[in-house]
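Visitor: So the sequence shown is residues -20 to -1, 1 to 215, counted in mature numbering (1 follows the signal peptide of the UniProt record, and there is no 0). By construction, the Cβ of each residue, glycine as well, lies at the ideal position given by its N, Cα and C atoms.
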Amino acid sequence: MHRLQTFLSFAFIFSVLVAGTPTYTLPRCQLDQNIIPGLPSTLVNPSTKLGYVAVAIGTQNYTCNSTSSTYVNIGAVAELFDISCLYMTPALSTTFNIIQDVAIKAWEDAPSAALPKQILPTYFNVGQHYYVPNPVTGQGVNPKWDFSSSRHVTTESADGYVVAAKVTSAASPSGKQDIDWVQLKSITGTLATQVFRTDTRHGQPPASCTPGTPDIQVKYASKYCESILLQIPVF
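Take a look at the structure:
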């Protein structure tokens, strides 16, 4: 409860700032670092500054492989909430460090009909994460981070999306119950050159399945860090 209260206090401060602007635009913090805290040695910090840091709330989606009787990942769907100011503000570092724990707790405690975008204040909602057919080869699917409908993206700050391909991954330091940390590179879109999934919470499927059973969705939360070559304005 204390962690949730800490985040809600932060959210209240920002709601006052937002309410004071005629465009109802979330203030953004310009990021000036390329260091991702706690990155495993198999993942390499980005070569350019971070453009956004977001917390994701959503599901990892799986289907049952009829040969192995194990679940295979077929994508993910998540809402992205901007936490760049938490990353850049030393006084809020504790909140930044636990935001994924706050998010997964709120998500798992939510009513069954609740949607990810309803878990945190909507004015933090910067975009969506989902999978699309590979835009280069047409084979398989790749993850997309889509800010194109966001009030935070302008024509001066990229086309609003990036589709990426995996470079490498590492087991989550927090345990096998959490999905891997992943480093990805852009294959199309100019929102980011690299994307990192870090600080993952949950999202793993059961160890086995019965062939023919319906696909499943497993709740998860994580951080996504996106590095850019473009200079994104502060709103």
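1) Based on the DSSP output, what are the partners of A150 in its beta bridges?
2) Between which two residues does the beta strand (DSSP E) harbouring C44 extend?
3) To the nearest angstrom, how far is the alpha carbon of L171 from that of D139?
4) Thinking Q174 and P17 are a contact (beta carbons under 8 Å), I'd like their distance in whole angstroms, please.
5) When you compare the CB positions of T39 and V143, do they come within less than 8 Å of one another, or not?
6) At what residues does the alpha helix (DSSP H) containing C65 begin and finish?
7) Between the alpha carbons of S48 and S21, how many angstroms are there, rounded?
8) Using beta-carbon positions only, say whether P96 and I37 come within less than 8 Å of one another.
9) By alpha-carbon positions, which one of G192, Y200, A201, W161 ends up nearest to N45?
10) Since S73 contacts Y32 with CB under 8 Å, what's their CB separation in whole angstroms?
11) Using only the alpha-carbon positions, how far apart do S207 and D158 sit?
12) Distance check for S92 and Q80, CA to CA, integer angstroms please.
13) In chain order, what residues of the same chain lie with their CB nearer than 8 Å to the CB of K156, ignoring the 5 residues before and after it?
14) Looking at the strands, I want to know which residues DSSP matches up with A56.
15) Taking the straight line between their C-alpha atoms, what separation do you get for A201 and A90?
16) Tell me whether P194, by its Cβ, gets closer than 7 Å to a heavy atom of the ligand MN.
17) With DSSP run on the structure shown, which of helix, strand or coil describes K203?
18) Just curious, the beta strand (DSSP E) that I180 is in, first and last residue?
19) Taking buried to mean at least 16 other C-beta atoms within 10 Å of its own C-beta, is Q13 buried or exposed?
20) According to the Cβ coordinates, are G107 and W125 closer than 8 Å?
21) On the criterion of 16 or more Cβ atoms from any shown chain inside 10 Å, does V82 qualify as buried, or is it exposed?
22) Going by DSSP in three states, S130 sits in which element: helix, strand or coil?
Guide: On the basis of the coordinates in this document:
1) W161
2) 30 to 44
3) 6 Å
4) So it is not a contact: roughly 16 Å between Cβ atoms.
5) no
6) 64 to 68
7) So the two alpha carbons sit approximately 31 Å from each other.
8) yes
9) Of the candidates G192, Y200, A201, W161, G192 places its Cα closest to the Cα of N45.
10) That belief does not hold up - the Cβ atoms of S73 and Y32 are roughly 18 Å apart, past 8 Å.
11) 24 Å
12) Straight-line spacing of the CA atoms in Q80 and S92 works out to 20 Å.
13) Q184
14) Q40
15) 14 Å
16) Ligands displayed in this structure: none; no statement on the ligand MN is therefore possible.
17) strand
18) Here the sequence assigns Thr to residue 180, which means Ile is not the residue at that position. T180 -> beta strand (DSSP E) spans 174 to 182.
19) Exposed, because fewer than 16 other Cβ atoms sit within 10 Å of the Cβ of Q13.
20) Yes, Cβ-Cβ distance for G107 and W125 is below 8 Å.
21) buried
22) When secondary structure is reduced to three states using DSSP, S130 falls in the coil class, being assigned neither helix nor strand.
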